[in-house]
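Numbering of the sequence shown is given in this note's numbering, commencing with residue -6 and proceeding in unit increments.
Beta carbons: idealized from backbone N, C-alpha and C, even for Gly.
What follows is a single structure, written as structure tokens, with notes after it.
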Amino acid sequence: MEAQTWKKGGCLTTPLGPLASTWESRKAYIQAPWTKPPRVYIEERERAINTHKRTTEQLYAPARLYTDGSGYQGGIGAAVYPAYPYRRNEARLCNMGTDDDATVYAAELRAIEMALEVIKERFNDDNEWRDCLAKSGVVIFTDNQATLRAIQNPRMPSGQVYLEGCLRLLEWCNDKIQVELRWVPAHEGIPGNEAADMYAKEAATTTETNIHDTNANANTNANTNDNTNVNTNVNHNRSIRLAAAASKSVKRESTIAWEKAWTKGGSKRTARRTRRMIEVPSKSNLTYWKGLRKATTSVLIQLRTGIIGLAEYLSKIKRSDSPRCQCDLGNQSVKHVLLECPLLKELRSEMVEELFMEGVSTTLGEQAMLTEVKAAPIVAKFMIASGLLGQFQSVDSVAMGKEQGEEDSKPKPTQDTANVGETGNTSQWPGARSAEVTSHQRTWRTTYAADEDEEAWRHDPNLFVFDLPE
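Here's what the structure looks like:
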């Protein structure tokens, strides 16, 4: 950090290119708490469709504007389509840059802001609109609920500058026009909504060569009015880079760089030990370790990476004279200990029995045994019980196995209501009166919790010998 601090230009320098644009700033509050709340309505899907239908069929129908934001082919666009019952409609499109600079959420807010700008302009400049707005009001329809909730309860989202613009225009409208904002479901064949969606996609792909092409003839594929004009000369006047877009861009670039490093891997020299455990790092890999206690995870990581206190590995790092196992039938490797060594035959039989009781195949190979989630704590317990890992000889049983979940922490049902296994053993569990439980083969079962021993005992009571105190 010190070297970065004294670096020429400082440790935080603005890169060339798109990052040189102005970063967005956000305020703690953008609206006074006593401000009259806007009329925002988010109804259940069918009710929203019916409300829209009733609105369009009214005798004195309010002016209607449909808004949408879109991320399409790497660009971000916003559009507003005024579906006014008179002759002149003008769709407005706004290209907000690439998805490295803006977000669809911000585009949705910008579209609503443009709709409010249209209302203000028409009220001031167009007598026909002014009469309609004063008499019947106006309804803005959008298919994005998040933006409506943000307008209802403004906070500090990325893109707050567009939210603030919406609130300022709504405040202007409060004393002059009744403005409602309503949610309508997308892709339900509502002509105005489909038109706004089409124009938003067009705005996202608008290039600099035609961004000033105003009043061009509109495409009418969305059942729009033939008289509709398209105004693409709409600038959001905010040359800013949104934090959410920048964060997404950084994550995407980091992922690409990581995938490149992982795939090439310098002849797979990168993360060699990690590659032994997983093919490709992902969140799903965490499922294997979920709920396992510290000692169990330590043993499993050593087993899966091969960096473990067995003779074969110790000889490689010059900490053992010979890689051979004490049975002298092979090197003392993970595979040999888990599957082959005759000195651990009895202990291995107990491990196989536990695997069977957990529904795990008892014919698994070394790798399959180490990657099976249900087998993990049983294999770790086997390794500690073998006595081959000196650092785990004094491990407390509490540090082994899986953490007690909500289901495990619930009290066991009484004998009258207990769900007895297929063996039909309905006798009382003797281990309930004793903390000392041993098997007829070895004593490593003493580390199991009483409820797990009870399950095994109900399967076969002859496995246990109880020395219960008087």
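I'd like to check one pair, V73 with V111: are the Cβ atoms closer than 8 Å? yes
Quick test of your reading: L141 and I294, contact by CB under 8 Å. State the CB separation rounded to the nearest angstrom. Incorrect: roughly 49 Å between the Cβ atoms, too far for contact.
Kindly indicate which three-state DSSP category N167 falls into: helix, strand or coil? coil
Keeping to the same chain, check which residues put their C-beta closer than 6 Å to that of A288; ignore five residues upstream and five downstream. V388, A392 and M393
What would DSSP say about P335, mapped onto helix, strand or coil? helix
Using CA coordinates, which residue listed in T135, Q153 and E157 is at the minimum distance from V33? T135
Length of the line joining the Cα atoms of E83 and A76: 9 Å
Could you give the distance in angstroms between the alpha-carbon of R161 and the alpha-carbon of C87? 19 Å
My output table needs one value for T60: the three-state DSSP class, helix, strand or coil. strand
7 Å Cβ shell around G158 - same chain, five flanking residues per side excluded: E106
When you compare only the Cα positions, how much space is there between W165 and G130? 14 Å
Put V430 into one of helix, strand or coil per three-state DSSP. Unreliable placement is indicated for V430, whose pLDDT of 36 sits below 50; the coordinate value is still reported in the next sentence. Three-state result, V430: coil.
4 or more residues per run - each alpha helix (DSSP H) lying fully within the region 362 to 396: 369 to 378
Backbone secondary structure at A411 - three-state DSSP: Below a pLDDT of 50, predicted positions are generally treated as unreliable, and A411, at 39, falls in that range; no measurement from the model is reported.
Using a threshold of 8 Å, state whether the C-beta atoms of L322 and E359 are closer than that. no
Around the Cβ of F385, are there at least 16 other Cβ atoms within 10 angstroms (buried) or fewer (exposed)? buried
Would you grab the beta carbon distance between A104 and G68 for me? Rounded to a whole angstrom, and I think it's under 8 Å. So it is not a contact: roughly 15 Å between Cβ atoms.
Between the Cα of R286 and those of M376, E396 and S390, spot the shortest distance and give me the residue it belongs to. E396
Determine, using beta carbons only, whether Y98 and K194 come nearer to each other than 8 Å. no
Taking 7 Å as the cut-off, is the C-beta of I144 nearer than that to any heavy atom in the ligand SAH? As far as ligands go, the structure on display features none, and thus does not contain the ligand SAH.
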